[in-house]
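What follows is one structure encoded as C-alpha cells, with my remarks underneath.
Protein chains: 4
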Amino acid sequence: MTSPLKVAILGAHGRMGSEAVAAVNNAVDMELVAALGSKDSIESILEAGATHVVDLTVPAVSEQNVRFAVSHGLHAVVGTTGWDDTKRASLTELLTEHPETGVLIAPNFALGSVLATAFAAKASQYFESVELIELHHPNKVDAPSGTAVRTAELIARSRAAAGVGPSPDATESSLDGARGADVDGIRVHAVRLRGLVAHQEVLMGGEGEQLTIRHDSYDRASFMPGVLLGLRTVASKPGLTYGLDGYLDLGL
Amino acid sequence: MTSPLKVAILGAHGRMGSEAVAAVNNAVDMELVAALGSKDSIESILEAGATHVVDLTVPAVSEQNVRFAVSHGLHAVVGTTGWDDTKRASLTELLTEHPETGVLIAPNFALGSVLATAFAAKASQYFESVELIELHHPNKVDAPSGTAVRTAELIARSRAAAGVGPSPDATESSLDGARGADVDGIRVHAVRLRGLVAHQEVLMGGEGEQLTIRHDSYDRASFMPGVLLGLRTVASKPGLTYGLDGYLDLGL
Amino acid sequence: MTSPLKVAILGAHGRMGSEAVAAVNNAVDMELVAALGSKDSIESILEAGATHVVDLTVPAVSEQNVRFAVSHGLHAVVGTTGWDDTKRASLTELLTEHPETGVLIAPNFALGSVLATAFAAKASQYFESVELIELHHPNKVDAPSGTAVRTAELIARSRAAAGVGPSPDATESSLDGARGADVDGIRVHAVRLRGLVAHQEVLMGGEGEQLTIRHDSYDRASFMPGVLLGLRTVASKPGLTYGLDGYLDLGL
Amino acid sequence: MTSPLKVAILGAHGRMGSEAVAAVNNAVDMELVAALGSKDSIESILEAGATHVVDLTVPAVSEQNVRFAVSHGLHAVVGTTGWDDTKRASLTELLTEHPETGVLIAPNFALGSVLATAFAAKASQYFESVELIELHHPNKVDAPSGTAVRTAELIARSRAAAGVGPSPDATESSLDGARGADVDGIRVHAVRLRGLVAHQEVLMGGEGEQLTIRHDSYDRASFMPGVLLGLRTVASKPGLTYGLDGYLDLGL
Numbered sequence: 001m002t003s004p005l006k007v008a009i010l011g012a013h014g015r016m017g018s019e020a021v022a023a024v025n026n027a028v029d030m031e032l033v034a035a036l037g038s039k040d041s042i043e044s045i046l047e048a049g050a051t052h053v054v055d056l057t058v059p060a061v062s063e064q065n066v067r068f069a070v071s072h073g074l075h076a077v078v079g080t081t082g083w084d085d086t087k088r089a090s091l092t093e094l095l096t097e098h099p100e101t102g103v104l105i106a107p108n109f110a111l112g113s114v115l116a117t118a119f120a121a122k123a124s125q126y127f128e129s130v131e132l133i134e135l136h137h138p139n140k141v142d143a144p145s146g147t148a149v150r151t152a153e154l155i156a157r158s159r160a161a162a163g164v165g166p167s168p169d170a171t172e173s174s175l176d177g178a179r180g181a182d183v184d185g186i187r188v189h190a191v192r193l194r195g196l197v198a199h200q201e202v203l204m205g206g207e208g209e210q211l212t213i214r215h216d217s218y219d220r221a222s223f224m225p226g227v228l229l230g231l232r233t234v235a236s237k238p239g240l241t242y243g244l245d246g247y248l249d250l251g252l
Numbered sequence: 001m002t003s004p005l006k007v008a009i010l011g012a013h014g015r016m017g018s019e020a021v022a023a024v025n026n027a028v029d030m031e032l033v034a035a036l037g038s039k040d041s042i043e044s045i046l047e048a049g050a051t052h053v054v055d056l057t058v059p060a061v062s063e064q065n066v067r068f069a070v071s072h073g074l075h076a077v078v079g080t081t082g083w084d085d086t087k088r089a090s091l092t093e094l095l096t097e098h099p100e101t102g103v104l105i106a107p108n109f110a111l112g113s114v115l116a117t118a119f120a121a122k123a124s125q126y127f128e129s130v131e132l133i134e135l136h137h138p139n140k141v142d143a144p145s146g147t148a149v150r151t152a153e154l155i156a157r158s159r160a161a162a163g164v165g166p167s168p169d170a171t172e173s174s175l176d177g178a179r180g181a182d183v184d185g186i187r188v189h190a191v192r193l194r195g196l197v198a199h200q201e202v203l204m205g206g207e208g209e210q211l212t213i214r215h216d217s218y219d220r221a222s223f224m225p226g227v228l229l230g231l232r233t234v235a236s237k238p239g240l241t242y243g244l245d246g247y248l249d250l251g252l
Numbered sequence: 001m002t003s004p005l006k007v008a009i010l011g012a013h014g015r016m017g018s019e020a021v022a023a024v025n026n027a028v029d030m031e032l033v034a035a036l037g038s039k040d041s042i043e044s045i046l047e048a049g050a051t052h053v054v055d056l057t058v059p060a061v062s063e064q065n066v067r068f069a070v071s072h073g074l075h076a077v078v079g080t081t082g083w084d085d086t087k088r089a090s091l092t093e094l095l096t097e098h099p100e101t102g103v104l105i106a107p108n109f110a111l112g113s114v115l116a117t118a119f120a121a122k123a124s125q126y127f128e129s130v131e132l133i134e135l136h137h138p139n140k141v142d143a144p145s146g147t148a149v150r151t152a153e154l155i156a157r158s159r160a161a162a163g164v165g166p167s168p169d170a171t172e173s174s175l176d177g178a179r180g181a182d183v184d185g186i187r188v189h190a191v192r193l194r195g196l197v198a199h200q201e202v203l204m205g206g207e208g209e210q211l212t213i214r215h216d217s218y219d220r221a222s223f224m225p226g227v228l229l230g231l232r233t234v235a236s237k238p239g240l241t242y243g244l245d246g247y248l249d250l251g252l
Numbered sequence: 001m002t003s004p005l006k007v008a009i010l011g012a013h014g015r016m017g018s019e020a021v022a023a024v025n026n027a028v029d030m031e032l033v034a035a036l037g038s039k040d041s042i043e044s045i046l047e048a049g050a051t052h053v054v055d056l057t058v059p060a061v062s063e064q065n066v067r068f069a070v071s072h073g074l075h076a077v078v079g080t081t082g083w084d085d086t087k088r089a090s091l092t093e094l095l096t097e098h099p100e101t102g103v104l105i106a107p108n109f110a111l112g113s114v115l116a117t118a119f120a121a122k123a124s125q126y127f128e129s130v131e132l133i134e135l136h137h138p139n140k141v142d143a144p145s146g147t148a149v150r151t152a153e154l155i156a157r158s159r160a161a162a163g164v165g166p167s168p169d170a171t172e173s174s175l176d177g178a179r180g181a182d183v184d185g186i187r188v189h190a191v192r193l194r195g196l197v198a199h200q201e202v203l204m205g206g207e208g209e210q211l212t213i214r215h216d217s218y219d220r221a222s223f224m225p226g227v228l229l230g231l232r233t234v235a236s237k238p239g240l241t242y243g244l245d246g247y248l249d250l251g252l
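Protein sequences appear in the order of chains X, P, E and W. Here the first sequence stands for residues 1 to 252, where the numbers follow UniProt numbering. Here the second sequence stands for residues 1 to 252, where the numbers follow UniProt numbering. Here the third sequence stands for residues 1 to 252, where the numbers follow UniProt numbering. Here the fourth sequence stands for residues 1 to 252, where the numbers follow UniProt numbering.
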C-alpha cells in the first residue's frame, strides 16, 4: 500500500475548513499533518512535512498561501474565491518554474453540481428547447443563483457552437415575469421556498421526448468528496487546473 | 341491474365530442341514443328518448341547448365555455321550475387537474411558502396558463381566509423576471418546452418539509372520465353545479 | 388580544421535546410555563398554571401523564407512541367525565405528510392506476417505511369503498422484485440512497393524465407546526381525536 | 451550400419507416430519393442515386440490405434489431474492403435516452449510492424494461472499473419485492401506470447531495432527430459504429 498523502489545511477553523479537517481525518489514504487558523504561521506546514495543501481561507490571503505552497513544491487544492484572471495567470507563470507541481482551483467542489452543469451544457445542443429552474431557501438575496447563471451561460455557449437556434416560444400575451429571466437567451426561473436548501433542474425537450438533469444540495458535506478527489488527483495533474470538471472522467 | 343512462351528445363531431361519443359507447352503464352535429335539430333528442345530454358545442348555441334540455326535464353535463354569471343566474332560475333536474357546467373535466387544484388550495394554508410552476408546449400563446392563474387565485384566497401572510422572500438583487409573475401575491413560473403537453406543479414548503402536487395532462382522453362521472352523478344533484369538484368526494 | 396559552411540555429534554420547547418559546400566542424531564414531578404543572400539556415522553409513562392532565381539566397534545386501542378506549371513558377537555393523539405531526396521505387516499379512487414510491437514507432498517405501508392501506381501503378494481398490469416476465412489494394490492417501491432523509411519492394515472403527490421531510423541525396547530385547536375539540387530520380543514 | 444527402429508406411503410419518410422530407439538407416497402427490389436505390440508406426493416432482411448498400459504397444508418456479434463481425470485415463507407447500427435512436444512459454510467462512479426507477404504461409485458437493464449493467460496469463498492443498504426486514430487482448489484424498480409512455430515472446520492437524470419518451417522433443526426454524420465515420453515443460529442 502507498503511504498516505500528508495534508495541511489552511483556514481549518472556518465552516468549510472544519468539514475538511473531518473529511481528511476520515480518509484512510490521507494523514492530516497540519490544521492552521488565521493566526498560525504558514511556515509550520513545511516542518509538519506536508506534501499537499488545502486552502479554504479568504481572498486576501489565498494567493500568497498558494504561491508559498507552490514555491516549496507542494500541491494545492483551493476552494477560496477571488482567483481572477490576473491572479491565475501569475500563478501559472510561477508553476512553470515548478513543472511537477499541481494546483486545482475550484469554484465548486460539489461533484453532483459540477457533473450536472457539464452534462447540461453537452446535452443541450441536441434539443430544440432548454430552460432552467433553480430552487433555494427564501433567505437567499440574489435571483437567479450564480450557479444557475453560469450554467445558462455554458448552455448558451454550447448551443451557439453547435449552431442551434433559440428555444421556440409562441408566447404573445404574458404576465410580467412569467417566462423567467433571460440569460444569454436561456430562460431561467428562480423559486424560493422555506424548507429547501439549493437545487437546480435543467429541462431539455425535443419532439416526443424530454431530458431532465437535477441536482439537490443539502449541506456543505457535499463538497468533501470533491475536495478528497482533488487531493488524490492533483499530483498527477501538473500546472493549474481551473474547475473540478478538469479532474472528472467524462469522455465516452 | 339498473337500465343504462340514455345519453344524447350535442357537438358530437368536434374534437371533444368525438371523444365523448367513444367514451359513452364504451361505458357499459350508458346507451348513446343521439349524436348531433351543428346542423341537426335538437328536437330529435326527445324522440330518441334521451334522459341525459352532454353539451360540447360552442358558446353561441350552448345556452339555448341546455335551456331546451332543462325545459324537457333532461339532465345536462356541459363542457362548452362562455357560461358567464348572467347566463348561469338565468339558468338557475329556470331550474327552480324543474326541481328534479340537474346541470353540471365544468370549465375543466380532467379529474386530476380538478383534484390537484382543490388539494393545493386546501393545503397551502398550512405552509409558510407556496409557488407554482406550469409547463406547456412552446406553441401556447399565453403565459401563465389560465389554469395556473386560477389555481394561484384560489391559493391566495385560501391563505387569506386562514390569515397566512405572504411567502418569505429575501431577494434583493434579481434579474428581471427571475422570480416569476405575481398572481395575487403567489409567484407563478411558466416553462415552454418542445415535447411537453400541459403540466402544473404546486410547491409548498415549511420548516423541514415540502409538499408537491403535480398534474400531467397528455391528451383530451383525460377529460372523459370526468364527463362520465358527471353523467353518472348529475341526476342525483338537482339544480346547477359549477365545477366538477362539486361532484367529488373530497371531505375526510 | 387573547391571553397566551399556558403550555407545559413533558419530555422536554428529548430530541422532539427540545424542538417543542423552542417552538413554544417562539410562538407569540403561547407561554411556556413548565418544561419537565423524566425526573421532574408532574404535579408541578398545576402550580405552574398550565392549561395545555404536550406529552413527548415514552410509552411507559405517557398514559399516566395524559390521564393526570385530563383529570385536572388540562388539554393534551400527545406525540408519544404506544397508544393502542385499549389505552385509547380507557382514555375516552375518562374524557366523558371531563366533557370540556380535549386530547389529540397524533402518530405523525408533519402537516405535509398527513395532508399527502389524506389527499392520496381520496384521489386514488378516481384513477385507474396507483403506485407508491418511498425514498429514505440507507441506514433505515425496514422497507417499505411504516408511513408507506399505512398510506397504501388507506389507498386500498378508499378504492375498495369506491368499487375500483386493481391497477392494470400486463407483466408476464419479470425480474424478482422489479414490480415492488404488494400491500393490499397496491405496489410499493422502496429506494435507499445516501443523502436522502424521508420522502414519499404517490403516483396516480388514468387515460391521458397523471396526478403525483410528493412529500419530502428533512428534519424534526417539520413536526413543530403540527404541534402548535394541535395546541391552538385542542381546546375547541373536546374528547379524544386520533390523528392530526381530524384538526385539518380538508373538506371542499 | 452543399448539395443535399440523397437518402433511400428501406422499410418505408412500417411505423418507424413512415416517421423517417416524413423526417427526411422535412430536412432541408436531405432529399428522399427512394422509399421502399417489403416487396420492392433494393436494386432500385442505385438507379435512384442514393448515397445514404436508412434500414428500418426486419431482422430477416436487414443484414442483406446493409451488405448490399456497403458493397455499392452507400453509407447506412440501421435501426433494425437482430444485429448480433456474428453479424456485426462479418459486416466489419466487409467494411474493410470499402474503407470510405460508414455504417451506424443503433439499438436506440432517442438522443435523450442515449445521453441519459451515458451520463448515468459516467456519473455513478462518483456517488456512494445509485438506484434506478423505470416507469411505463401498464400494457408492457416485461419488467424491468430492456433499457433499464442495460443502463443498470453499464452503471455496474462503470462503478466496478472505478473500484466503487455496492450502494449502502441497512435493510433488515423487508416486504418481498420492496427493494426492487437486483441487476448486477444495482436496484431497479419498475412502475406501471395508465397514462404513462416510457420514462426512466437514475438517482445517485452522496453525503449531502443528489443527482437525478430523467428521460421521458412520449412517441416514436423522438427517434427521428437521432436518425437525422446519424445520416448527417455517417459519411465522416468510416467503418462500423455500434450505438448512437459513438456519434455524440460527449467529452469535456
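Each residue gets a CB set at the ideal place from its N, CA and C atoms; glycine is no exception. Model, not experiment: these values are computed from the prediction.
Between the alpha carbons of residue i and residue j, how many angstroms are there, rounded?
i: E/Leu-104; j: E/Ala-118; result: 18 Å
i: X/Gly-82; j: X/Arg-88; result: 10 Å
i: W/Leu-203; j: E/Leu-193; result: 8 Å
i: X/Ile-213; j: X/Ala-120; result: 7 Å
i: W/Ala-143; j: E/Gln-210; result: 21 Å
i: W/Gly-14; j: W/Pro-59; result: 14 Å
i: P/Ile-133; j: P/Gly-177; result: 14 Å
i: P/Val-70; j: P/Gly-146; result: 30 Å
i: X/Asn-65; j: X/Phe-223; result: 21 Å
i: P/Thr-241; j: E/Val-21; result: 48 Å
By the DSSP assignment, the alpha helix (DSSP H) with residue i in it spans what residues?
i: E/Ser-3; result: Run containing E/Ser-3: none; DSSP gives neither H nor E here.
i: E/Ile-186; result: From DSSP, E/Ile-186 is part of no alpha helix (DSSP H) but of the beta strand (DSSP E) over 186-192.
i: X/Ile-155; result: 146-162
i: X/Leu-95; result: 85-96
i: X/Val-227; result: 224-233
Quick one: using the 10 Å Cβ neighbour count with 16 as the cut-off for buried, is residue i buried or exposed?
i: W/Gln-125; result: buried
i: W/Asp-216; result: buried
i: X/Gly-73; result: exposed
i: P/Val-188; result: buried
i: P/Gln-200; result: buried
Based on the DSSP secondary-structure assignment, which residues constitute the bridge partners of residue i?
i: X/Thr-212; result: X/Leu-203 and W/Arg-214
i: P/Leu-10; result: P/Leu-36 and P/Asp-55
i: P/Ala-118; result: Its beta-bridge partners do not exist; DSSP assigns none.
On the DSSP letters alone, give me the boundaries of the beta strand (DSSP E) that residue i sits inside.
i: X/Val-130; result: 129-136
i: X/Ala-181; result: 181-183
i: P/Ile-105; result: 102-105
Who are the neighbours of residue i on chain B, taking C-beta pairs under 7 Å?
i: W/Gly-195; result: As a matter of chain content, chain B is missing from the structure shown, whose protein chains are X, P, E and W.
Using DSSP with H/G/I as helix, E/B as strand and the rest coil, what is residue i?
i: X/Ala-23; result: helix
i: W/Asp-249; result: coil
i: E/Ala-123; result: helix
i: E/Glu-31; result: strand
i: W/Thr-241; result: strand
i: W/Val-77; result: strand
For residue i, is the beta carbon positioned less than 6 Å from some heavy atom of the ligand NAP?
i: W/Ile-42; result: Absence of the ligand NAP is noted for the structure shown, with no ligands found whatsoever.
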